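Undergrad:
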Amino acid sequence: MSGTDAGVAIVGGGLVGCMIAYALRQRRRSVIVLERGHVGGESSGVSFGSLRLQGQHEAELPLALRAQALWETIEAETGESVEFRRHGHVHLALDAEQQARLERNARNARAHGLDVTLLDRDEALGRWPFLGGQVVGASFSTRDAVVNPRLVAPAVARAARRLGATIQEGVEIIAAEHDGVRFRLHGRTADGAVRSVTAETLVNAAGAWAGTLAAWFGETIPLFPAGPAELVTEPIPAFVAPVMHVVDGSILFRQTERGNVVIGGHPRMRVDAATRTARVPPDKILTNLARLVALVPRLRAHQVIRSWTGIEGYVEDMMPVLGPSISTPGLFHACAFSGHGLQLGPAAAAAIAELIVEGTTTMPIAPFDIRRFYVSGQPRTLSLAEEFQPDVLAQAAPPSRARPSS
Amino acid sequence: MTRVVVVGAGPAGIAAADVLSRAAVEVTLIDEAERPGGQYHRAPASGLQLDMRRLLDAAHASYAAFHAQAASVCARVDYRPATLVWGVHGRAVHLAARGFAQSVGYDALVLATGATDRVMPLPGWTLPGVFTLGGAQAVLKDQGCLIGRRVVFCGSSPLLYLAAVQYLRAGGKVAAVIDTTRFAEKLRALPDMLAAPGVLGQGLRHMAALKRRGVPILHGATIDAFEGKARVSAVRCTSPDSAPLRVACDAVAYGHGLRPETQLAELAGCTLRFDPVQRVHVPETDPDGRAGHAIYVAGDGGSIGGGQAAAVSGRLAAAAALHDLGLAADVDVAASRASLARLRRFQKGVAAAFRWPGERAAALDDAVILCRCENVTVGEVRAAIALQDGVADVNRAKAATRCGMGRCQGRFCGAGLAEVAAACVGGHDHGRDRLRVQTPIKPLPMALAGDLSP
Amino acid sequence: MTGPSGPPAAAPEGTPSAILHRVAAFDTPLLRFTLDGRPMQARQGESVLAAILCHAGHLRRHECSGEPRAGFCLMGACQDCWVWFGPGERGRACTTPVADGMQVSTSPDPPA
Chain A
1 MSGTDAGVAI
11 VGGGLVGCMI
21 AYALRQRRRS
31 VIVLERGHVG
41 GESSGVSFGS
51 LRLQGQHEAE
61 LPLALRAQAL
71 WETIEAETGE
81 SVEFRRHGHV
91 HLALDAEQQA
101 RLERNARNAR
111 AHGLDVTLLD
121 RDEALGRWPF
131 LGGQVVGASF
141 STRDAVVNPR
151 LVAPAVARAA
161 RRLGATIQEG
171 VEIIAAEHDG
181 VRFRLHGRTA
191 DGAVRSVTAE
201 TLVNAAGAWA
211 GTLAAWFGET
221 IPLFPAGPAE
231 LVTEPIPAFV
241 APVMHVVDGS
251 ILFRQTERGN
261 VVIGGHPRMR
271 VDAATRTARV
281 PPDKILTNLA
291 RLVALVPRLR
301 AHQVIRSWTG
311 IEGYVEDMMP
321 VLGPSISTPG
331 LFHACAFSGH
341 GLQLGPAAAA
351 AIAELIVEGT
361 TTMPIAPFDI
371 RRFYVSGQPR
381 TLSLAEEFQP
391 DVLAQAAPPS
401 RARPSS
Chain B
1001 MTRVVVVGAG
1011 PAGIAAADVL
1021 SRAAVEVTLI
1031 DEAERPGGQY
1041 HRAPASGLQL
1051 DMRRLLDAAH
1061 ASYAAFHAQA
1071 ASVCARVDYR
1081 PATLVWGVHG
1091 RAVHLAARGF
1101 AQSVGYDALV
1111 LATGATDRVM
1121 PLPGWTLPGV
1131 FTLGGAQAVL
1141 KDQGCLIGRR
1151 VVFCGSSPLL
1161 YLAAVQYLRA
1171 GGKVAAVIDT
1181 TRFAEKLRAL
1191 PDMLAAPGVL
1201 GQGLRHMAAL
1211 KRRGVPILHG
1221 ATIDAFEGKA
1231 RVSAVRCTSP
1241 DSAPLRVACD
1251 AVAYGHGLRP
1261 ETQLAELAGC
1271 TLRFDPVQRV
1281 HVPETDPDGR
1291 AGHAIYVAGD
1301 GGSIGGGQAA
1311 AVSGRLAAAA
1321 ALHDLGLAAD
1331 VDVAASRASL
1341 ARLRRFQKGV
1351 AAAFRWPGER
1361 AAALDDAVIL
1371 CRCENVTVGE
1381 VRAAIALQDG
1391 VADVNRAKAA
1401 TRCGMGRCQG
1411 RFCGAGLAEV
1421 AAACVGGHDH
1431 GRDRLRVQTP
1441 IKPLPMALAG
1451 DLSP
Chain C
2001 MTGPSGPPAA
2011 APEGTPSAIL
2021 HRVAAFDTPL
2031 LRFTLDGRPM
2041 QARQGESVLA
2051 AILCHAGHLR
2061 RHECSGEPRA
2071 GFCLMGACQD
2081 CWVWFGPGER
2091 GRACTTPVAD
2101 GMQVSTSPDP
2111 PA
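In order, the protein sequence lines correspond to chains A, B and C.
Residue 197 in this note's numbering sits at position 197 of the first sequence, and the numbers go up by one each step.
Residue 1337 in this note's numbering sits at position 337 of the second sequence, and the numbers go up by one each step.
Residue 2099 in this note's numbering sits at position 99 of the third sequence, and the numbers go up by one each step.
(1) Three or more C-beta pairs closer than 8 Å, one from the region 1250-1268 of chain B and one from the region 1131-1138 of chain B: is that the case here?
(2) Please confirm if C:ALA2099 has its CB atom under 8 Å from at least one CB of chain B.
(3) Which chain B residues are close to C:GLY2076, counting only those with a beta carbon under 7 Å from its beta carbon?
(4) Just confirm the distance between the C-beta atoms of A:GLN26 and A:LEU163, as a whole number of angstroms; I'd bet it's less than 8 Å.
(5) Is it the case that the Cβ atoms of B:ALA1309 and B:ARG1355 are separated by a distance below 8 Å?
(6) Run through DSSP, which three-state label would B:CYS1401 get?
(7) At a CB distance below 7 Å, what residues from the region 2024-2039 of chain C approach chain B? Give them in sequence order.
(8) Would you mind listing the beta strand (DSSP E) stretches within the region 1080-1146 of chain B that are 3+ residues and don't spill past its ends, in chain order?
(9) Taking any Cβ of chain C, which residues in the region 252-273 of chain A have a Cβ under 8 Å from it, in chain order?
(10) Secondary structure at A:ALA351, three-state DSSP: helix, strand or coil?
(11) Excluding sequence positions up to five away, which residues of its chain have a Cβ less than 6 Å from the Cβ of B:ALA1015?
(12) Under 7 Å between beta-carbons, which chain A residues line up against B:ASP1393? List them in chain order, please.
(13) Quick one: does A:ARG380 have its CB under 8 Å from some CB of chain B?
(14) Given that C:PRO2108 touches chain A, what residues does it touch there, using C-beta distances under 9 Å?
(15) Output yes if chain B places a C-beta closer than 8 Å to the C-beta of A:PRO329; else output no.
(16) If you drop the 5 nearest sequence neighbours on each side, which residues of the same chain put their C-beta closer than 7 Å to that of A:ALA155?
(17) In whole angstroms, what separates the C-alpha of B:GLU1284 from that of A:ARG86?
(18) For the alpha helix (DSSP H) containing B:CYS1424, list its first residue and its last residue.
(19) Which term fits A:ASP191, buried or exposed, when burial requires 16 or more other beta carbons within 10 angstroms of its beta carbon?
(20) Which term fits B:ALA1298, buried or exposed, when burial requires 16 or more other beta carbons within 10 angstroms of its beta carbon?
(21) Determine the burial state of A:LYS284: buried for a count of at least 16 other Cβ atoms within 10 Å of its Cβ, exposed for fewer.
(22) Does the beta-carbon of A:THR277 have 16 or more other beta-carbons within 10 angstroms, so that it is buried, or is it exposed?
(23) Return the first residue and the last residue of the beta strand (DSSP E) that C:CYS2064 is part of.
(24) What distance in whole Å lies between the Cβ atoms of B:VAL1007 and B:LEU1264, which are believed to be in contact at a cut-off of 8 Å?
(25) Please report the straight-line C-alpha distance between A:ALA76 and A:GLY359, rounded to a whole angstrom.
(26) Using a Cβ-Cβ cut-off of less than 8 Å, list which residues of the region 1129-1152 of chain B approach chain C; keep chain order.
(27) Please determine, among A:VAL146, A:LEU63, A:SER141, the residue with the shortest C-alpha to C-alpha distance to A:ILE413.
(28) Consider the Cβ of B:LEU1264: report whether some Cβ of chain C lies at a distance smaller than 8 Å.
(29) Can you name the start and end residues of the beta strand (DSSP E) that C:TRP2084 belongs to?
(30) Determine the DSSP secondary structure at B:ASN1375, reduced to helix, strand or coil.
(31) Under 8 Å between beta-carbons, which chain A residues line up against C:GLU2089? List them in chain order, please.
(32) Between A:PHE140, A:GLN395, A:ARG161, which has its C-alpha nearest A:LEU24's C-alpha?
(33) Can the beta-carbon of A:LEU65 be found less than 8 Å from the beta-carbon of A:LEU53?
(34) Whole angstroms are fine: how far does the CA of B:ASP1179 sit from the CA of B:CYS1074?
(35) Rounded to the nearest angstrom, how far is the Cβ of B:ALA1017 from that of B:LEU1029, given a contact under 8 Å?
(36) Note the first and the last residue of the continuous alpha helix (DSSP H) segment covering C:ILE2052.
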């Protein structure tokens, strides 16, 4: 195994890394995925599972729409059920300010050809009578969907393997460099065995740890780790099909086909990327339960049975880093998805595969260039205080504005 | 003032709280049950006319002594019965009681969380009338009820004999005791079990009493299935000489020893290690129960050892906590350590004499329900492991199949899942993987309201 | 979630279909409760599980398989004995004492 040579080496076997491997094998490139743990074992496997389109940032929406088209054929592509269901997505407004946000989002969505219906309070409560009295309005987007995040990365990895990709699990890359001709990756397994890989092209799909790989090549991606708080109830008789999502992200929920209600709620929490430990604190569980019960009073009788989180990589403008390195030809970044990696995954993967094989891509990825961290003035469009708990932001390094030395 | 929180009011928790309550610390003793006792010293519900003296016979003296001690301890400390500890985070335990949530900070935390039955899933184990061995005893002591009128006690545990004798004393009929370990294995374990001759003698007396009452006892049998339609009606098994047997019954008490309740220890950051003798995961501790900074583990929740060992380890854990807080404890540490070592040696013998039949997982039919919460079959887990390149990672199998993802968080499927997974990759000895725990450790009502009082 | 969700078959105490067999009595006041709408009696101190299973062959049906379940561990760990106490309340039958006037049901009300 030591001394493997490949056309493309992908560091990170999350959903994005596996999808890139799949897209490259479709284009007949030799490819190896190097995953420290197991495929989909970090943030890919723990997300809420929403393939949301409405409310996405307008810079992200074109890519999100391309991704959705790919999601819509995922089960045919992989030959497996990943519990893809297109039941739509409801954004809820609890006050006038949030209602204005729904209207802005709807205009933006329609400008991109996404069908979004605005509902007033009575229409919303008539359609979803379990909602409590806080709701002042809603917007419904029918093309939005869900998948089971636990199933999807392993299914894509299997499909990539069937096309001939090599996916090595349990190999941690601890250093990498470019020797002028090829990339040299130095890996080790959990039992200490050394694995080295050489490749013509290197893809950084290392999730919350992608900043480390970038730094080996003198590049700065100002990543900080954070985790979503996810809860799940016991199975409940079916009562809701679409994802229900208060537009500020303070609470969102969906019901699986077996009846469990999956519950999310921002702000996102501090997690430890170094020790790879992350748990939802009890106070956070109580806060989110109180919000959910206020929104859906009939759920108060049910039980929450489990919580989980994971370690996701964020940057302050909440948009991915997607495209070629500025320091090293042949290195490509596909990281910093900021909680949107599940939905954007297939289009991001197609973009990287096209860039590697054809040198150009039809995917709308211009806003996601790493160079945005080296020029000043990327407008911040989101209130980070709303998105993250203060202790997350306290540990987030201020972005470097300097050019890389190389 | 310094606060020590003790979780669990069984023999270990009460012993720990007793020692702590004599030192200059505030003690909060939290227990999920309405009354102290844990499983070992479980007491009848108030008003139940159950003759505990008759039921426990020779063991009544230690039961009575425990409850006298518990009454005194509970009166001296901040005792919180009927309270679930559902999370540990940031030096505080998180509680739920009567629909309210609260947290209590600690300077030291003693976890005396006990154990539950370990079972190997079998065909028919979800049928009404099939209960755990511990459950059969609990509903008798707590509620004055037998689990049926003709009960089979089966599995591998010294408690099979104790529970069967208690059922006879309470007026029940015992259809059979079916023990999956051979008598020869018990004889081989005698040297270790002689470390506690009193406990061993009790076990032998129980076996003799059952024989006198004409109860069939089968050693070295294989349990094949629990049969029945709406309710269990028979246990199908194979005798050591390969003869198929069918024992008619209307209830089954089933268990293969105990597994520690380690969830809170795991949430508190303790390292869990696989104990190759007991074949369970236990928190890593020093001999006195230190399991991490300000965390102490005592009783069966730390290492399966029975009620006597639990009490001794509770005293040692309390002494360790006080020592680390710079306080003196009224405990003869050297004598307690020696006593605990002796009782643990006895338990090593018990673990060998009443072996966990992990190797049976390989023979389970694909259709057998492995996870009773989520209704996941053995076959579904095997298929998932085949798809994950034969990697026997149980958390990965859980993610793919939902096995262990339900209300009990893998308490009752976890041991079987580890063995099914290990068998898929060709080895009983690989069964060392375990399901990770998540908060809340037991289901929590969504309407749980925060306690607004300070 | 599919599957039958009929109420447990109740029968007079002591008939063969009752799971539990009471061997010690409570000397406490008689309480009245309903099980899926049918009037039942129990003694103060009795657990919901004992009060039901002294008369019935099971407690609930599994959400997915529809198979009858009657609890398993009887000590609050396996979570296989959750029942409903009227709209809006839910609990483990094995660790919840019967209260006078309790309306126990073995299947949930739909939440909407």
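Just so you know, even glycine gets a beta-carbon here, dropped at the ideal spot from N, CA and C.
Because the structure is a prediction, the values reported are computed rather than measured.
TA: Taking the coordinates as given:
(1) In short, these stretches touch, since the Cβ pair count reaches three.
(2) For C:ALA2099, the answer is no, since every Cβ of chain B falls outside 8 Å of its Cβ.
(3) Residues of chain B passing the Cβ test: GLU1032.
(4) Confirmed, about 7 Å.
(5) When the beta-carbon positions are compared, B:ALA1309 and B:ARG1355 stay at least 8 Å from each other.
(6) Checking the sequence, you will find Thr at residue 1401 of chain B rather than Cys. Helix.
(7) The residues in question are ALA2024, ALA2025, PHE2026, ASP2027, THR2028.
(8) Counting only runs that start and end inside the region 1080-1146 of chain B, the beta strand (DSSP E) elements of at least 3 residues fall at 1084-1089, 1092-1097, 1100-1105, 1108-1111, 1115-1117, 1130-1132.
(9) Residues passing the 8 Å Cβ filter: ARG258, GLY259.
(10) Reduced to three states, the DSSP call for A:ALA351 is helix.
(11) Hits under 6 Å: ALA1311, GLY1314, ARG1315.
(12) The contact set of B:ASP1393 on chain A, defined by CB atoms closer than 7 Å, consists of HIS38 in chain order.
(13) Because A:ARG380 carries a pLDDT of 49, less than 50, the predicted location of this residue cannot be relied on, and the following value inherits that uncertainty. False, the Cβ-Cβ gap to chain B never drops below 8 Å.
(14) For the C-beta of C:PRO2108, the chain A residues within less than 9 Å are, from N- to C-terminus, ILE236, PRO237, ALA301, HIS302.
(15) A:PRO329 does not count as touching chain B.
(16) The residues are THR78, GLU80, VAL82.
(17) The straight-line gap separating the alpha-carbon atoms of B:GLU1284 and A:ARG86 is approximately 47 Å.
(18) Its alpha helix (DSSP H) spans residues 1414-1424.
(19) With fewer than 16 other Cβ atoms inside 10 Å of its own Cβ, A:ASP191 counts as exposed.
(20) Counting Cβ neighbours within 10 Å, B:ALA1298 comes out buried, since at least 16 surround it.
(21) It is buried - the Cβ of A:LYS284 has at least 16 other Cβ atoms within 10 Å.
(22) Exposed, since its Cβ has fewer than 16 Cβ neighbours within 10 Å.
(23) It is not in any beta strand (DSSP E) - C:CYS2064 carries neither H nor E in the DSSP assignment.
(24) Between B:VAL1007 and B:LEU1264 the Cβ distance is about 6 Å, and since that is below 8 Å, they are a contact.
(25) Answer to the nearest angstrom: the Cα atoms are 28 Å apart.
(26) Of all residues in the region 1129-1152 of chain B, the ones placed with a Cβ closer than 8 Å to any Cβ belonging to chain C are GLY1129, VAL1130, PHE1131, THR1132, GLY1134, GLY1135, ALA1136, ALA1138, VAL1139, LEU1140, ASP1142, GLN1143, GLY1144, CYS1145, LEU1146, ILE1147, GLY1148, ARG1149, in chain order.
(27) Chain A is shown only over 1 to 406; residue 413 of chain A falls outside these bounds and no answer can be derived.
(28) So no, B:LEU1264 is outside the interface.
(29) 2082-2085 is the span of the beta strand (DSSP E), which, as asked, contains C:TRP2084.
(30) Here B:ASN1375 carries a coil assignment [DSSP, helix/strand/coil].
(31) Simply ALA301.
(32) It is A:ARG161.
(33) Contact: yes.
(34) B:CYS1074 and B:ASP1179: Cα-Cα distance of roughly 39 Å.
(35) Your pair B:ALA1017 and B:LEU1029 checks out as a contact, with CB atoms roughly 5 Å apart and the cut at 8 Å.
(36) For C:ILE2052, the uninterrupted alpha helix (DSSP H) segment begins and ends at 2048-2053.
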